Amino acid sequence: MRRPIMCTLALAVCLLLSGCNQVELAGLYLANNGTPVRLAKPLPLTLPYRDVDGWVLLPARVNGRASVDFVLDTGASVVALIADQRTAPLQLDMGGVHRLGASDNLAAPVGARQDGLTIDFGGLALEDQTALAIPADTLDCTGGQKAVAPFNGVIGHDLFRRFTVEVNRDRGTVTLHDPATFHYTGRGRIVPAKIEGRQPFVEATVASSTDAVYRARLHVDSGAGIDLTLFPGSSPAIKAPSGARPREACFVGGRATYAVGAPIDLGLAGATTTTPVEYATGREVIASGQNGRIGARFLARFNVVFDYARERIILEPRIGSFPRSAGGERTRLRTTGPRVIERQQAVPADRDGWDGG
């Protein structure tokens, strides 16, 4: 079986301002501030979504002409579109395509600014939006084997800054709440999340079978199709395993490499989950003080509330079986006795093509 190359488009659309064209990126970064929102009815508003390998895909119509599946991405500071045959009805102006940042920056995409877009999710429309259109052919980092992304749009901050966002995977819905009136009454674990540069960061504990327990500051990135990535060198406690199986991941600015390690126990808000992990072995997109990244596949184990207004992320264990992780494991909630996450080995799926990461 051909070794898969994981793709991390949504992660890199965060567009870190350092080392890039400051004026141009600042314009993109701030373009949608204060733009109008049209609601068909008062909040809360519940929308259907499509789950693809842990990614939450929200269907929308853009300018009334093209159907776009937007991945809900906590790592996306701006709206992005993939310019391919699926978005051709929008007649995107790609005449100004250029790289936004240094050629060696994994977070520096090739793209062109698009203005005046209306993004209608059904019951909610974001008007006068600005997006970065990224040519699909610049995202082919699969060694000449073309793979189509399961989504053709990326949205994050423009929803999270306006709403408290509840993802209920048991029901297959995303509910947008008014942050001013939202009141949580469930039994999920409440994880403090520091919002920095429009990105959520959490403090966690990491424990393996061979190393002592250590603390890690992790970026929560629902657009990265991974379970957990750790960055050796960011902390003396984080070390890449020797002789580990290698893996490649695709960013909008190039490829990154990883070593696949043995599962670890990740502690968040006093509860522990056993999860697959990989270790960065080359270039990465790392914020100051960051030790790793939690991705979409880890989050898929839970019903999640992203409550930026109160700087917290709420994780509720799902009912019944959970989706497979990157390593092929399947997790299950034990419903009697202590609330513990158990791992069950499942047959690994064929993971060719777009697989996140």
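In case it helps, mature numbering (1 follows the signal peptide of the UniProt record, and there is no 0) puts the sequence shown at residues -26 to -1, 1 to 331.
Idealized CB from N, CA, C, for every residue including glycine.
As the structure is a prediction and not an experimental result, all values here were calculated from the model.
Q.
According to DSSP, is Thr112 part of a helix, a strand, or is it coil?
A. Three-state DSSP puts Thr112 in a helix.
Q: For the beta strand (DSSP E) containing Phe134, list its first residue and its last residue.
A: First-last for Phe134: 131 to 134, but that is the alpha helix (DSSP H), not the beta strand (DSSP E).
Q. Span of the beta strand (DSSP E) holding Ala34?
A. Where Ala34 is concerned, the enclosing beta strand (DSSP E) stretches over 29 to 36.
Q. Any idea what DSSP makes of Gln65, helix, strand or coil?
A. coil
Q | Span of the beta strand (DSSP E) around Arg24 | A | Its beta strand (DSSP E) spans residues 24 to 26.
Q | Arg189 and Phe175 closer than 8 Å at C-beta | A | no
Q: List the residues that DSSP assigns as beta-bridge partners of Leu240.
A: Val180, Thr247
**Q.** Residues of its chain near Ala211, where Cβ-Cβ distance is below 6 Å and the 5 sequence neighbours each way are ignored
**A.** In chain order, Tyr188 place their CB closer than 6 Å to the CB of Ala211, counting only its own chain and leaving out the 5 sequence neighbours on each side.
Q: Note down, in chain order, each residue of its chain lying with its Cβ closer than 7 Å to the Cβ of Pro109, except the 5 sequence neighbours on either side.
A: Ala57, Met68, Val71, Val84
Q. Going straight from the alpha carbon of Arg73 to that of Thr104, what length do you get?
A. 17 Å
Q: On a CA-only basis, which of Val128, Thr155, Phe95, Thr138 is nearest Leu46? Give me that one, please.
A: It is Val128 whose Cα lies nearest to the Cα of Leu46.
Q) Is it right to say Asp144 is buried, meaning 16 or more other beta carbons lie within 10 angstroms of its own, or is it exposed? A) exposed
Q: Tell me, please, whether the CB atom of Gly127 is closer than 8 Å to any CB atom in chain C?
A: The question asks about chain C, but that chain is absent: this structure has only one protein chain.
Q: For Thr9, count neighbouring C-beta atoms within 10 Å of its own C-beta (all shown protein chains included) and say buried if the count is 16 or more, exposed if not.
A: exposed
**Q.** Helix, strand or coil at Glu290 [DSSP, three-state]
**A.** strand
Q) What separation, rounded to the nearest whole angstrom, lies between the Cα atoms of Arg87 and Asp102? A) 13 Å
Q. According to DSSP, which residues form a beta bridge with Arg163?
A. Leu289
Q) Comparing alpha-carbon positions, which option in Ile238, Asp201, Leu21 lies nearest residue 332? A) The requested residue 332 is not part of the displayed model; the chain covers only -26 to 331.
Q) Which value, in whole angstroms, describes the spacing of the CA atoms of Gly197 and Thr184? A) Between Gly197 and Thr184, the C-alpha separation is close to 30 Å.
**Q.** Contact set for Ala283: own chain, Cβ-Cβ below 7 Å, skip 5 residues either direction
**A.** Thr138, Pro153
Q. According to the neighbour-count rule (16 or more other Cβ atoms, all chains shown, within 10 Å of its Cβ), is Arg271 buried or exposed?
A. buried
Q. Thr203 by DSSP, collapsed to three states: which one?
A. strand
Q | Simplified DSSP state of Ala123, which is helix, strand or coil | A | coil
Q: Would you kindly work out how many angstroms separate the C-alpha atoms of Asp94 and Val141, rounded to a whole number?
A: 19 Å
Q.
According to DSSP, simplified to helix, strand and coil, what is Ala54?
A. strand
Q | C-beta atoms of residue 371 and Gly241 nearer than 8 Å | A | Beyond the ends of the chain as shown, which are -26 and 331, falls residue 371; an answer cannot be given.
Q. For Ser41, does the count of other Cβ atoms within 10 angstroms reach 16, so buried, or fall short, so exposed?
A. exposed
Q: With a threshold of 16 other CB atoms inside 10 Å of the CB of Val(-4), please say whether the residue is buried or exposed.
A: exposed
Q.
As a quick exercise: from Thr149, Glu170, Arg161, Ala181, pick the residue whose alpha carbon is nearest that of Thr248.
A. Measuring from the Cα of Thr248, the nearest candidate turns out to be Ala181.
(Q) Quick check on Gly263: buried or exposed, where buried means 16 or more other Cβ atoms within 10 Å of its Cβ? (A) exposed
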